[in-house]
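Novice:
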Ligand code: UD1
Ligand code: UDP
């Protein structure tokens, strides 16, 4: 049985790992490490509980800190676990500091390093995630780009071995969640909103939250939206809104709520008239659920969502945001660039085959 060490730490990684863990559990021995990058109940525990993800075998409890200190503490903890567990594979997701720490720790020891969501680029080196992605891809043995264009990007960077286009694991997750959310979530009633009658927004990218001008422009634009705006607020954003003196305005103009669990959030995307976000995952989820998206960033890694007009980039430009929240969109049929919802199965098949081949080679060499 192949032993897999899964590294997660931040909200979107719990959702991605959920999709893959479901496939791994019956056939492989999976050990889950939670770095503790996210630790608030609504950013962490809620996902384990509602998605039935097994309790992490290890929680490093690293918490929040500067990038260097946070990543260094994770690196130290993950290295120790790899030495104890001696996994065949270390499985990494996305582009957070937890991903990078896993990549550095694992690539310097024995295990195979596998990266889910490889090959994505914003080409904006100011983004901490861009550094994490590039370094993780270049330290990985197995790379799982979600689309052909992500694989092309890897090729342009000289990475051609171990690349398997499998589709997007978040698509797998949402196909499962959409119907469950529709029957089980009562979030619309709790928030007091009607289907099709509100805009759902999330903001948490450092480039927006840590720049008072950009954050103010976003709050101004959302305050002027043609529908009520529901904003499940990330703690980072709440902290900055308070610090910059914008909290009162935001809470009086917008329907600011605490972050919600995955099923509630999927229900909100599905029921909203439009989504306005700077999240990577939420752009894709809106695309999967046929909800037009306005992306409050200057670039996106998920370029295919824009090609068919379902997603538009508006930066933090107040006028652009306001315009795109109002304009009628005549949307063409959506392409399906991110697979067919069986990415997890494909990943597990590749991992199994790869380890099988490595073991055969070891036997032949002995
Ligand atoms: C991180 C990821 C980002 C991802 C996001 C998902 C990096 C560099 N960034 O951003 O790519 O999109 O997670 O949500 O890895 N905080 C709390 N409670 C928590 C966690 C954080 O209050 O449970 C606050 C702290 O003030 C902390 C701040 O949020 O300093 C930022 O947290 P951090 O994990 O560093 O980055 P995110 O912005 O969450
Ligand atoms: N999400 C959630 N509750 C919320 C906001 C987001 O469950 O209140 C989920 C969302 O469905 C998506 C993921 O969190 O799957 C996206 O995480 P986030 O936007 O924090 O990070 P990113 O995708 O930008 O890295």
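Numbering (my numbering), first residue to last: 128 to 493. All residues carry an ideal CB built from backbone N, CA and C; glycine is no exception. Small disclaimer: the values here were computed from a predicted structure and weren't measured.
Name the one or two DSSP bridge partners that residue 359 has.
Specialist: For residue 359, which the question treats as bridged, DSSP gives the partners 384.
Novice: Three or more C-beta pairs closer than 8 Å, one from the segment 392 to 405 and one from the segment 229 to 241: is that the case here?
Specialist: Not touching, per the Cβ criterion.
Novice: Where does the unbroken alpha helix (DSSP H) through residue 280 begin, and where does it stop?
Specialist: Where residue 280 is concerned, the enclosing alpha helix (DSSP H) stretches over 275 to 283.
Novice: Nearest to residue 191 by CA position, among 162, 185, 215, is which residue?
Specialist: For the residues 162, 185, 215, the minimum Cα distance to residue 191 belongs to 162.
Novice: For the segment 293 to 305 against the segment 381 to 399, are there 3 or more C-beta pairs whose distance is under 8 Å?
Specialist: Touching, yes, given that three or more Cβ pairs across the two stretches are closer than 8 Å.
Novice: Any heavy atom of the ligand UDP closer than 7 Å to the Cβ of residue 242?
Specialist: Checking every heavy atom of the ligand UDP against the Cβ of residue 242, none is found closer than 7 Å.
Novice: Tell me residue 125's beta-bridge partners as DSSP assigns them.
Specialist: Since the first residue of the chain shown is 128 and the last is 493, residue 125 is not available in this structure.
Novice: Excluding five sequence neighbours on each side, which residues of the same chain lie with their C-beta closer than 8 Å to the C-beta of residue 440?
Specialist: These residues qualify, in order along the chain: 422, 424, 425, 426, 427, 433.
Novice: DSSP three-state label for residue 166, please.
Specialist: Note: residue 166 maps to coil in three-state DSSP.
Novice: Which residue or residues does DSSP assign as beta-bridge partners of residue 160?
Specialist: Partner(s): 134, 185.
Novice: Can residue 327 be considered in contact with the ligand UD1, in the sense that its beta carbon sits closer than 7 Å to one or more heavy atoms?
Specialist: Residue 327: no, Cβ never under 7 Å from the ligand UD1.
Novice: What are the boundary residues of the beta strand (DSSP E) that residue 265 is part of?
Specialist: Run containing residue 265: none in the beta strand (DSSP E); it sits in the alpha helix (DSSP H), 255 to 265.
Novice: I'd like the span of the beta strand (DSSP E) that includes residue 220, first residue to last.
Specialist: Note, residue 220: beta strand (DSSP E), 216 to 220.
Novice: Taking the Cβ atom as the reference point for each residue, do residue 236 and residue 264 lie within a distance shorter than 8 Å?
Specialist: It is not a contact, given that the beta carbons lie outside the stated cut-off.
Novice: Return yes when the Cβ of residue 243 is within less than 8 Å of the Cβ of residue 85, no when it is not.
Specialist: Coverage of the chain is limited to positions 128 through 493, which leaves residue 85 absent and any answer about it impossible.
Novice: Please list the segments of the alpha helix (DSSP H) lying wholly inside the segment 281 to 317, counting only runs of 4 or more residues, in order along the chain.
Specialist: 296 to 311, all fully within the segment 281 to 317.
Novice: Nearest-angstrom Cα distance between residue 438 and residue 204?
Specialist: Roughly 39 Å between the two C-alpha positions.
Novice: Nearest to residue 465 by CA position, among 488, 412, 322, 381, is which residue?
Specialist: The shortest C-alpha separation from residue 465 is found at 412.
Novice: Residue 265: beta carbon under 7 Å from a heavy atom of the ligand UDP?
Specialist: Because no heavy atom of the ligand UDP lies under 7 Å away, the Cβ of residue 265 does not count as near it: no.
Novice: So does residue 224 have its beta carbon nearer than 7 Å to some heavy atom of the ligand NAP?
Specialist: Ligands displayed in this structure: the ligand UD1 and the ligand UDP; the ligand NAP is not among them.
Novice: Under 8 Å, do residue 144 and residue 180 count as touching if we go by C-beta distance?
Specialist: It is a contact, given that the beta carbons lie within the stated cut-off.
Novice: Out of 344, 370, 362, 178, point me to the one whose CA is closest to residue 445's CA.
Specialist: For residue 445, the nearest C-alpha among the options comes from 344.
Novice: Reducing DSSP to helix, strand and coil, say where residue 479 ends up.
Specialist: Correct three-state label for residue 479: helix.
Novice: Does the segment 169 to 188 come close enough to the segment 144 to 160 to have 3 or more Cβ pairs within less than 8 Å?
Specialist: Contact between the segment 169 to 188 and the segment 144 to 160 is present, because at least three Cβ pairs lie under 8 Å.
Novice: Residue 406: beta carbon under 7 Å from a heavy atom of the ligand UDP?
Specialist: Within the cutoff, so yes.
Novice: Does the CB of residue 306 have a neighbour CB from chain B at under 8 Å?
Specialist: Protein chains in the displayed structure number just one, and chain B is not present.
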